[in-house]
Amino acid sequence: MQPLLRFLTTTGVGSRRVCFKLIVDGRVRVNGHLIEDTTTPIEPDDIVKVNGRVVRGLEQKVYLKLNKPRGIISTTSDEHGRRMVTDLIPRQYARLRLFPVGRLDALSTGLVLLTNDGDLAFRLSHPRFEVEKEYLVAVEEPLTDGQKHALERGVDIGGEHLTSAKVKSLPATGGLRYSLVIHEGRNHHVRRMLKSVGREVTNLHRVRIHSLMLGRLPTGEVEELTIDEIRKLFKDLPEIEAEPRQQAQPTATLTPRRRPAAPRTRPPGRPPLRGKKPGATGGVQRSRRP
């Protein structure tokens, strides 16, 4: 038994964010019932449908690394018919609905992780976990010390802050190649950082995600991660906090406040009533005149 959100991510429906939205948007049914609570427990014999299609559980997680060539986009669908990283996956993995972790633009090359493990993908790609990604970057002109310091402090572009990068000059390159390590993965992150300090990127190649290294994998080739690589990849990754329950909140209704009752007053001219005698059950008795 596992929560609905975890079930969808581990069966390869999509990333944690995508599956979360599918649930709260009312596109998931369990045994014919619409479910909008991400924590709903799923039993092995439950029938789960997303957009009317049955989701079947996968017993085994798959982890592949790809050396992405230039011109390939990091997505699972494209309306323009461009080649995608999923087009490079060997046929034996086709039914597993693997997806790429994080972004790597079409002009960039290097390491892409492909998996059906939505939880791992979320932990590796979400900015709050600050997972390192390392790139080898070539520029037209060497970076000055001031430009390096600016990259290491982080840069602001149009109101958006791109966090700091670790910058290291590679030897025997004449100051034209660098190693940059960042812990976010925003759109064109490295290219925009360097452009903001006055340098154009001529080549961008990713070589590491967390502990996973590209190594000597040839361009365009795919291979399964070793057991050791998988263990190291999971090591030191923070656990995912449980999502808040997604349930409809009752509409608050305001009950008008009653004014406090005013103290009773006697009509003018009316004599005060005398108290009851102890044990009396009838009306108020007046004392007799002598």
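With my numbering applied, the sequence shown covers 1 to 290.
Glycine included, every Cβ here is placed at the ideal spot set by N, Cα and C.
All of these numbers come straight from a predicted model, not from anything done at the bench.
### Query
If you check the beta carbons only, do Lys-68 and Thr-109 fall under 7 Å apart?
Here residue 68 refers to the residue found at position 68 of the sequence shown. Here residue 109 refers to the residue found at position 109 of the sequence shown. Result yes, Cβ atoms of Lys-68 and Thr-109 sit closer than 7 Å.
#### Entry: The alpha helix (DSSP H) enclosing Val-190, as first and last residue numbers
Stepping through the sequence shown from its first residue, residue 190 is reached at position 190. Its alpha helix (DSSP H) spans residues 189-196.
### Query
How big is the Cα-Cα spacing for Thr-253 and Glu-134?
For the purposes of this step, residue 253 is identified with residue 253 of the sequence shown, where counting begins at 1. For the purposes of this step, residue 134 is identified with residue 134 of the sequence shown, where counting begins at 1. Low confidence applies here, because Thr-253 scores a pLDDT of 39, under 50, leaving its location unreliable; read the following figure in that light. Cα atoms of Thr-253 and Glu-134: separation of roughly 54 Å, rounded to the nearest angstrom.
### DSSP bridge partner residues for Ala-165 (one or two, in chain order)
In the sequence shown, residue 165 corresponds to position 165, counting from 1. Under DSSP, Ala-165 shares a beta bridge with no residue.
### Query
When the Cα atoms are used, what is the spatial distance from Asp-78 to Asp-156?
Along the sequence shown, one-based indexing puts residue 78 at 78. Along the sequence shown, one-based indexing puts residue 156 at 156. Taking the straight line joining both Cα atoms gives about 31 Å.
### Task
Put Gly-146 into one of helix, strand or coil per three-state DSSP.
For the purposes of this step, residue 146 is taken as residue 146 along the sequence shown, with counting starting at 1. In this structure, DSSP gives Gly-146 a helical state, which the three-state scheme calls helix.
### Task
Sort Arg-206, Thr-10, Gly-12 by Cα distance to Asp-105 and report the nearest one.
For the purposes of this step, residue 105 is identified with residue 105 of the sequence shown, where counting begins at 1. With respect to the C-alpha of Asp-105, the residue from Arg-206, Thr-10, Gly-12 having the closest C-alpha is Arg-206.
### Query
Residues bridged to Lys-68 by DSSP?
Locating residue 68 in the sequence shown gives position 68, where the first residue counts as 1. According to the DSSP secondary-structure assignment, Lys-68 is paired through a beta bridge with Gly-110.
### Task
Drop a sphere of 10 angstroms on the beta-carbon of Glu-184, count the other beta-carbons inside from all chains shown, and report buried for 16 or more, exposed for fewer.
Within the sequence shown, the letter at position 184 stands for residue 184. Residue burial is scored here from C-beta neighbours: Glu-184 has at least 16 other C-beta atoms within 10 angstroms and is therefore classed as buried.
### Message
Quick check on the DSSP output: the beta strand (DSSP E) that includes Arg-53 runs from which residue to which?
### Response
Looking up residue 53 in the sequence shown gives position 53. Counting along the chain, the beta strand (DSSP E) containing Arg-53 begins and ends at 53-55.
### Task
Kindly identify the DSSP beta-bridge partner or partners of Asp-119.
To locate residue 119, count along the sequence shown from 1; it is residue 119. Answer is none; Asp-119 lacks a bridge partner.
### Query
Does the pairing of the segment 168-182 with the segment 92-101 give three or more beta-carbon distances under 8 Å?
The way I'd put it, the segment 168-182 doesn't touch the segment 92-101; fewer than three beta-carbon pairs between them come closer than 8 Å.
### Thr-173 versus Gln-147 - alpha carbon distance
Counting from one through the sequence shown, the residue named residue 173 turns up at place 173. Counting from one through the sequence shown, the residue named residue 147 turns up at place 147. Rounded to whole angstroms, Thr-173 to Gln-147 spans 18 Å at the Cα level.
### Delimiting residues of the beta strand (DSSP E) encompassing Lys-133
Position 133 of the sequence shown, counting from 1, holds the residue named residue 133. Counting along the chain, Lys-133 sits inside the beta strand (DSSP E) bounded by residues 133-139.
### Contacts around His-129, its chain only, beta-carbon distance under 6 Å, and the 5 residues preceding and following it disregarded
Position 129 of the sequence shown, counting from 1, holds the residue named residue 129. Rather than His, the amino acid found at residue 129 in this sequence is Phe. Excluding sequence neighbours, Phe-129 sits near Arg-123, Pro-238.
### Message
Tell me the rounded alpha-carbon separation between Lys-166 and His-210.
### Response
For the purposes of this step, residue 166 is taken as residue 166 along the sequence shown, with counting starting at 1. For the purposes of this step, residue 210 is taken as residue 210 along the sequence shown, with counting starting at 1. Rounded to whole angstroms, the separation of the alpha carbons of His-210 and Lys-166 is 14 Å.
### Simplified DSSP state of Gln-247, which is helix, strand or coil
Here residue 247 refers to the residue found at position 247 of the sequence shown. Here Gln-247 scores only 44 on pLDDT, less than 50, and its place in the model should not be relied on; the value that follows carries that caveat. DSSP, reduced to helix, strand and coil, places Gln-247 outside both helices and strands of the structure shown, so it counts as coil.
### Task
Compute the Euclidean distance between the alpha carbons of Leu-194 and Leu-151, then round it to the nearest angstrom.
In the sequence shown, residue 194 corresponds to position 194, counting from 1. In the sequence shown, residue 151 corresponds to position 151, counting from 1. Rounded to whole angstroms, Leu-194 and Leu-151 show a C-alpha spacing of 8 Å.
### Query
What's the C-alpha gap between Ala-121 and Leu-22?
Translated into positions along the sequence shown, residue 121 becomes position 121. Translated into positions along the sequence shown, residue 22 becomes position 22. Ala-121 and Leu-22 have their alpha carbons spaced roughly 17 Å apart.
### Query
At what residues does the beta strand (DSSP E) containing Asp-228 begin and finish?
Position 228 of the sequence shown holds residue 228. From DSSP, Asp-228 is part of no beta strand (DSSP E) but of the alpha helix (DSSP H) over 227-234.
### Task
Please work out which residues of its chain come closer than 6 Å, Cβ to Cβ, to Lys-49, disregarding the five sequence neighbours upstream and downstream, and give them in chain order.
Within the sequence shown, numbered from 1, the residue matching residue 49 stands at position 49. Answer for Lys-49: Arg-29, listed in chain order.
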